[in-house]
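Participant: For the sequence shown, the residue numbers in full-length UniProt numbering are 1 to 1025.
Beta carbons are placed, not taken as given, at the ideal position from N, Cα and C, and that holds for glycine.
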Amino acid sequence: MYNTINNLYQEFNVADIKVSSNIALNKDDLEILNNLEYISEIEYGYNDEIFIENTKKLMSLKNIPENISKIKVMEGKLPENRDEIIIEYKLKYTYPLNFKINNFKVVGYFENVENRFLNSKNPAFSGYGAVDVEAYVDVSYFENKDYNFANIKLNTDLPTYDKKYNEYVFEKKIDLENAIYKNAQNKLKEFLKDNYSLISNAEKKIFESKNEIENNQKKILSAKEKIEIVEKNLQEKFNQFEGANEKFQYNEDKINKQKVELIEKHYDLKEKLVKLEEGLKELETNEIKIKEGYSKIEDGLEIIKENENKINESKKEVLESKINVDNLKPNLFFSSSKIEDAKNKINAALKEIQNGEDKLNLEKEIILQNKKELDENLNYITNKKEELLKNKSDLINGLKSIELGIDKIESGYNKLIEEKNKYNKEYTKNLNKLNIGKKEIEKNKNEIIDAEKKFNTEKIKAFDKLNESIKEVEVNKRKLSELNAIYFVNTRIDNPSYSSYIESVESLNVISKIFPLIFYLIVVLVSTTTMTRMVDEQRNSIGTYMFLGYSKKVISKKYYIYALIPTILGILFGIYFGTYFIPKYIYTAFKAGSISSFDKLFIILDKKIIIISVFASILSTFLSVFLSLRSDFNHVIADLLKPKVPKNGTKILLEKIKFLWNNLSFSNKISLRNIFRYKGKMIMNLLGVAGCTSLIFLGFAIKNSFSEISELQYNKIRNFHSEINLKNHLNEVEINDIINLVSKNFENIPLQSINGKFLTKKRENRIKIYIIDKINIDKYFYLSSDLDSNGALISSRALSLLDKKIGESILVKDYIGNEYNFNISNVIDNYQGNYIFITKDYYEKKFNKKYKINNLVVKNSDKDMDYILNNDEIQSITLNKEYKLVFDKISESLNFIVIFITVLSAMLSIVVTYSLLEINVNERQRELATIKVIGFYPSEVSLYIYKEILALTFVGIFIGLILGKGLHKIILYSMKKTNTVFVENIGYSPYIYSIFLTLLFSIISMLLIHRKLKNINMIEALKME
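Structure follows, in structure tokens:
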């Protein structure tokens, strides 16, 4: 794996050091870098960052590297002009070929071995959070721009993973920083001079723009005043003309009024005369009518007189009839009823006659009354007629005088009209001139009004722009006043993609020094057991060879060859399996989440390891054969030709503990004696079980140690979503505005943070300082020690790297070069990165600096932060999930390693346990046959052996757990110098898994041997002697 990244970095000539600056590299920077002797090659580059249209995504544009840190074209082609780009291969399905991003056309896809992870994003060069789209463009895009960064290759051929390489690069990095920082002040002065000159020019332009606006406004006001004066003069002339007209009109109106009044009087008099004539006519008519009325009255009186005569005659006749009727008596011709009827008729006639008389009297009375009225009317008419005739004469005289007045008025009016017409001829000429002048004035006035409206509109826009420019100038002044020339000199180890790879390999390297050793010891144990068993089984054959006269050398040669053949086959299989299969299996898990450039593992044959493995394997095999043969060669031939005499039983220590021993059953006592009777096999069994248990425990413990980091670091210790870093030039009002903006949707705490670094003997380490101002940070940070104003809390890893203790002081530098000397008051838990926590009071008192908020620690991970990203006052946003993702990927890959270790441990455990069980059964066949003869059931025979194995297994598990715990602590100690601190508290699962799996493997071994126990030939076994 070391060689994989080394070969990739060599293939693409990845830079040893990258130099960039917050101010573009100037000619002095280039001269310094070009003159450094230890630099073998240097390539300068450009960088630009833009937001993708209609999105909140940031795209980074760089020129295509020619020699250093080259990219690999995966599909398509390299850009050939300034309108084409090539983007990361992982974005292929998001932005297909020929897709337009802003004005750029996607023409290809690349991979960069410096950016290993598929889901990670590089921090933005400009500070706007993280880059969403990495792209390369033709260098013509950066025409007339200054270099932003430099990729440097050093004079070294050392592999990238070599400690000497890291020490060499670190040494040159320090030297390069010292060299280039000598130009910092001059560069800053030059930059400030240029920018202050630009600001001065901008201020001058602002001042000139202001003056121009004011001058234009004055011109408009002056033009308006002139127009008003001319308009006033013209109006006066109009007024003069209008005054003459008014006089004419006044006199004309006066004459007309008088004429109208006379006409009205004339009309009134005529109307009165007409009415008077009508009155006379009416009087004459009424007079005629009255005369006619007199005639009618006379006629009426005569008629009444005639009617009176008629009524008197009728009355006389009726009275006479009445007398006659009254004198009648009822008789044959006139009955009483007829007489009565006649009377009634006569009475009715008399009544009717009386009514007629009354009516005539009434009519006569009315006629006489009318005659009286006619007399009165006739007198009135006569008098009125005389009055009207007199009034008629007066009206005729009045009309004549009015007609004379009208004639005089018309004569005066005609004279007035003549004068008016004469005046109007002159007025029309002058009025035309005045109207022309008025139109010109109106036109000019409208032009000035339009110009003023336009000016006011433009003035508002201009003043808005001027205010923005003034604000921008002020912001730039503040920026420049707080600006420092900062150089970022980064080595490969400063790249999270590279450092995570190397640290992961270093972790595996530590593990690889322990696991193979334990595996090898177990294999040696198995090999020794197997060889010893083989020699023991060939005991009679060895005795026969010796009896036939073969020398010990010849006999030994045979068994050495027997041992050598499987050993060599095992070595060949092991070399192939260990070189080609195991690394690929582990690497398959390890490369999960990486770009395709890391798909291929560079396999190498490590001759040193192979030679050691071959030598150790052959040596252990030969040594076990030698020791076994030597033991047999020391016996006489007669003993070798007979079966091996079983060892005599001896008292064991447990027998001296009477109360315990006496309470044991007979079978249990036999099992305990047998365990200690075969001490060699007991030790080998214990070592085998303990070794397998320790390996399983170690695998799960490492997995838990690493897996817990993500949970503890990012859900407990740093329990927040992101950090919003503000730009340094902001004032208090602007900072409060951003805090209010963020607080609308997010829980947050404001604080000050400083990015710094501290040096150890071999490398530069980054550290972040948090300065807290009397706020409760428990919801965001878990501090395992209390924070006070007496000193600094420092993370445990940083304290370990610095080799310091509580109460001592440490030196930290920021990237400007300011030094901070902290007193360590206590240590805090932290598993990733280095941190220092201090209070505001301690900071201001200790360093005599003013506290200034530049960081917001934010919760609420489920909300959109894009609207914050677009704020110009935001420097960057750091997301915890990006770091958590890396740990989760590595944690997933560890599952494969744990499975691999478990499978190998299972195989070894089964082989060791089964081999020892088989040897035990073979050596004790006579004993086992005896207990079968005396009536033991098959299950009881198996249990007779199983008790011993189970007892040894439990003891071996206990030893294995202790050994595994010790190995785990060794690995944790070895990892202290890496960027990650492993969690010591691993929980109960490693214990449970290792106990359960070891027991399972032992049970499998026992089940396999059960068949052999059932098939023991009791007759042959008892005939052995």
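If distances are taken between C-alpha atoms only, which option among V73, I396, E114 and I449 comes closest to N6?
Facilitator: Ranking the options by Cα distance to N6, first place goes to E114.
Participant: Give me the DSSP bridge partner(s) of Q713.
Facilitator: Bridge partners of Q713 according to DSSP: none are assigned.
Participant: Helix, strand or coil for F546? Go by DSSP, reduced to three states.
Facilitator: For clarity, residue 546 is Met in the given sequence; the question names Phe instead. In the structure shown, M546 sits in a helix (DSSP, three-state: H, G or I).
Participant: Give the single residue among E320, S314, K372 and L374 whose Cα lies nearest to the Cα of E352.
Facilitator: S314
Participant: Name the residue from D157, P159 and F488 whose alpha carbon lies nearest to the alpha carbon of F149.
Facilitator: F488
Participant: For D814, which option in M534, G964, K310 and I767 has the closest C-alpha, if you only look at C-alpha atoms?
Facilitator: I767
Participant: Taking the straight line between their C-alpha atoms, what separation do you get for K965 and I1009?
Facilitator: 32 Å
Participant: Secondary structure at N736, three-state DSSP: helix, strand or coil?
Facilitator: helix
Participant: Quick one: measure Cβ to Cβ for A184 and A485, integer angstroms, because I've assumed they're closer than 8 Å.
Facilitator: 4 Å
Participant: Relative to the C-alpha of Y946, which residue among N685, T902, S617 and E284 is closest?
Facilitator: N685
Participant: Would you decide whether L389 is buried or exposed? Buried here means 16 or more other CB atoms lie within 10 Å of its CB.
Facilitator: exposed
Participant: What's the gap between the Cα of I717 and the Cα of E711?
Facilitator: 9 Å
Participant: Name the one or two DSSP bridge partners that Y487 has.
Facilitator: DSSP, once it has assigned bridges, lists S21 as partnering Y487.
Participant: Taking 8 Å as the threshold, find out whether the segment 24–31 comes into contact with the segment 518–528 through three or more Cβ pairs.
Facilitator: In short, these stretches do not touch, since the Cβ pair count stays below three.
Participant: Helix, strand or coil for S512 per DSSP?
Facilitator: helix
Participant: Would you kindly report the start and end of the unbroken beta strand (DSSP E) that includes D632?
Facilitator: Annotation: D632 is outside any beta strand (DSSP E); the continuous alpha helix (DSSP H) that includes it extends over K607 to F633.
Participant: Check whether the segment 67–85 touches the segment 100–116, counting contact only when three or more Cβ pairs, one atom from each stretch, lie closer than 8 Å.
Facilitator: yes
Participant: Thinking C-alpha only, which one of K291, N166, E418 and I42 is nearest K371?
Facilitator: When only C-alpha atoms are compared, the closest one is K291.
Participant: Taking 8 Å as the threshold, find out whether the segment 736–756 comes into contact with the segment 684–698 through three or more Cβ pairs.
Facilitator: Segments in contact, no.
Participant: When you measure from the CB of K813 to every non-hydrogen atom of the ligand SAM, does any distance come out below 7 Å?
Facilitator: Because no ligand of any kind appears in the structure shown, any question about the ligand SAM cannot be addressed here.
Participant: Would you call the segment 840–850 and the segment 725–736 touching, i.e. three or more CB-CB distances under 8 Å?
Facilitator: Put simply, the segment 840–850 does not touch the segment 725–736. Fewer than three CB pairs are less than 8 Å apart.
Participant: Between which two residues does the beta strand (DSSP E) carrying G570 extend?
Facilitator: Unbroken run through G570 is the alpha helix (DSSP H), K552 to Y576; no beta strand (DSSP E).
Participant: Is the beta carbon of I610 sitting closer than 8 Å to the one on I582?
Facilitator: no
Participant: Over the uninterrupted alpha helix (DSSP H) stretch that includes A15, give me the two end residues.
Facilitator: Element bounds for A15: n/a, residue is neither H nor E.
Participant: To the nearest angstrom, how far is it from the Cα of M1024 to the Cα of D536?
Facilitator: In this predicted model, M1024 has a pLDDT of only 49, less than 50, meaning its place in the structure is not dependable; the value taken from the coordinates is given anyway. So the two alpha carbons sit approximately 15 Å from each other.
Participant: Tell me Y585's beta-bridge partners as DSSP assigns them.
Facilitator: For Y585, which the question treats as bridged, DSSP gives no partner whatsoever.
Participant: Note down the Cα distance separating K204 from N211, rounded to an integer number of angstroms.
Facilitator: 10 Å
Participant: Counting only the same chain and skipping the five closest in sequence on each side, list residues whose C-beta sits under 7 Å from that of G356.
Facilitator: I311, listed in sequence order.
Participant: Express the C-alpha separation of L517 and S905 in angstroms, rounding to a whole number.
Facilitator: 13 Å
Participant: Can you tell me whether I637 is buried or exposed? The criterion is at least 16 other CB atoms within 10 Å of its CB, across all chains shown.
Facilitator: exposed
Participant: Quick check: the segment 742–749 against the segment 153–161, are at least 3 beta-carbon pairs closer than 8 Å?
Facilitator: The segment 153–161 is not in contact with the segment 742–749.
Participant: Which residue from T544, I514, I806 and K658 puts its Cα closest to that of K969?
Facilitator: I514
Participant: What is the DSSP secondary structure of N211, reduced to helix, strand or coil?
Facilitator: Helix.
Participant: Expressed to the nearest angstrom, what Euclidean distance is found between the alpha-carbon atoms of M74 and V827?
Facilitator: Cα-Cα distance, rounded: 48 Å.
Participant: Check whether the segment 135–146 and the segment 76–94 are in contact - that is, three or more C-beta pairs closer than 8 Å.
Facilitator: Output reads yes: the segment 76–94 touches the segment 135–146.
Participant: Starting from Y842 and walking both ways along the alpha helix (DSSP H), at which residues does that stretch end?
Facilitator: K840 to F847
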